[in-house]
Structures are given as C-alpha cells and as structure tokens.
Amino acid sequence: MAGEIETECKSVVRKLPDALQPLERLSRNFWWSWAPDGAEIFRDLDPELWNRCEQNPRTLLARVSDSRLAQMVADSPYVSRVNRLAERFADYINHTKTSPRLHLGPHITRESPVAYFCAEYGIHNSLPLYSGGLGILAG
C-alpha cells in the first residue's frame, strides 16, 4: 500500500514548460477552487482529461500530454490567463494591496496566525473530506 501511494505521489511531480510552471504551484493550494477563473484555467488545459481526472489539478498535470502542453504554451491568451491567476494567487498569499486585506485582530499576525478548519464541509471533490455535514456533497 505504501509503495502504491509513493508511486502515485511521484507520478504527480512533473516538469512543466516554463510558461505553464505557475500551474504547478497553483495546483498545490485549493485557492484555485474558489478563485475566479481558477478551475477554468485547469479545465481549459484539457477539458476531457479534466473531467476524467475528477477535476483534480494535480492528476491533470501529471496526465496531460506533452503535445497538449506544447499547444497551450503557444496559446498566448491562455498563458496570459495563467500568469494573471498566478499573480492574484501571490497577492492573496502575500496580502499585498491588490488583494482584499484580512481584518485581523491585534494579536493575529503573519508570525502568529490562526487557522480554523471545519471538517463538516467539503472544499472540493478532489479533497475527499466527508465527515459530517453536507458541504459540496449537497449538490
């Protein structure tokens, strides 16, 4: 079992073309699932494969063909969308002035953050947390 998991994890690691490299970082954070154009960026890479991968960007990036990646690198509007999304993600992570500021209390800082997780709600179907309420399961 451990060998299967290790093999699957290694299969997700892949060197993407430089123009599409931001997709790798985006795929490692569920921010894409609620960001405008987030899911569409991955879907547009290969719509049929996106559905076969159950809308999991890590699996999609591991399985998309080299020829499709080359096509998308040549698609400058797509590459521009990827770069804009990556910039918005960086702003979100770094809390720059271009993203909404969090209204944090005086004791909550970057060095002393607070996180609240509720396993009652599903985040996305590619993260199978099913331990309570309905969340994404209701639809």
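Every number in our numbering is 1400 more than the matching position in the sequence shown, counting from 1. Heads up, the beta-carbon is just placed ideally off N, CA and C, and yes, glycines get one too. Small disclaimer: the values here were computed from a predicted structure and weren't measured.
Report, in whole angstroms, the separation of the C-beta atoms of residue i and residue j, which I expect to be a contact under 8 Å.
{"i": "Ser1427", "j": "Arg1458", "result": "5 Å"}
{"i": "Pro1422", "j": "Val1464", "result": "Contact doesn't hold; Cβ gap of about 15 Å is too wide."}
Going by DSSP in three states, residue i sits in which element: helix, strand or coil?
{"i": "Leu1445", "result": "helix"}
{"i": "Glu1424", "result": "helix"}
{"i": "Ala1435", "result": "coil"}
{"i": "Arg1510", "result": "coil"}
{"i": "Asn1525", "result": "coil"}
{"i": "Ala1515", "result": "coil"}
{"i": "Ala1419", "result": "helix"}
{"i": "Arg1414", "result": "coil"}
{"i": "Asn1429", "result": "coil"}
{"i": "Glu1406", "result": "For Glu1406, the pLDDT reaches just 43, beneath the cut-off of 50, and the residue's location in the model is therefore unreliable, although a value from the coordinates is still provided. In the structure shown, Glu1406 sits in a helix (DSSP, three-state: H, G or I)."}
Going by CA-CA distance only, name the one from the options that's closest to residue i.
{"i": "Ala1360", "options": "Arg1425, Glu1448, Leu1449 and Gln1455", "result": "Outside the displayed range of the chain (1401 to 1539) lies residue 1360, so it cannot be described from this structure."}
{"i": "Arg1510", "options": "Ile1493, His1524 and Ser1526", "result": "Ile1493"}
{"i": "Leu1461", "options": "Asp1444, Ser1480, Arg1488 and Pro1513", "result": "Asp1444"}
{"i": "His1524", "options": "Ala1486, Trp1434, Lys1415 and Glu1424", "result": "Trp1434"}
{"i": "Val1473", "options": "Ala1419, Lys1415 and Arg1414", "result": "Ala1419"}
{"i": "Ile1441", "options": "Phe1489, Asp1466 and Arg1414", "result": "Phe1489"}
{"i": "Asp1446", "options": "Asp1466, Trp1432 and Phe1430", "result": "Asp1466"}
{"i": "Trp1432", "options": "Ala1486, Ser1480 and Ala1470", "result": "Ala1486"}
{"i": "Ala1540", "options": "Asn1429, Ala1515 and Pro1417", "result": "Because the chain is modelled from 1401 through 1539, residue 1540 falls outside the range shown and cannot be assessed."}
| Uninterrupted alpha helix (DSSP H) stretches inside the region 1455-1484 (no shorter than 4 residues) | 1457-1463 and 1466-1473
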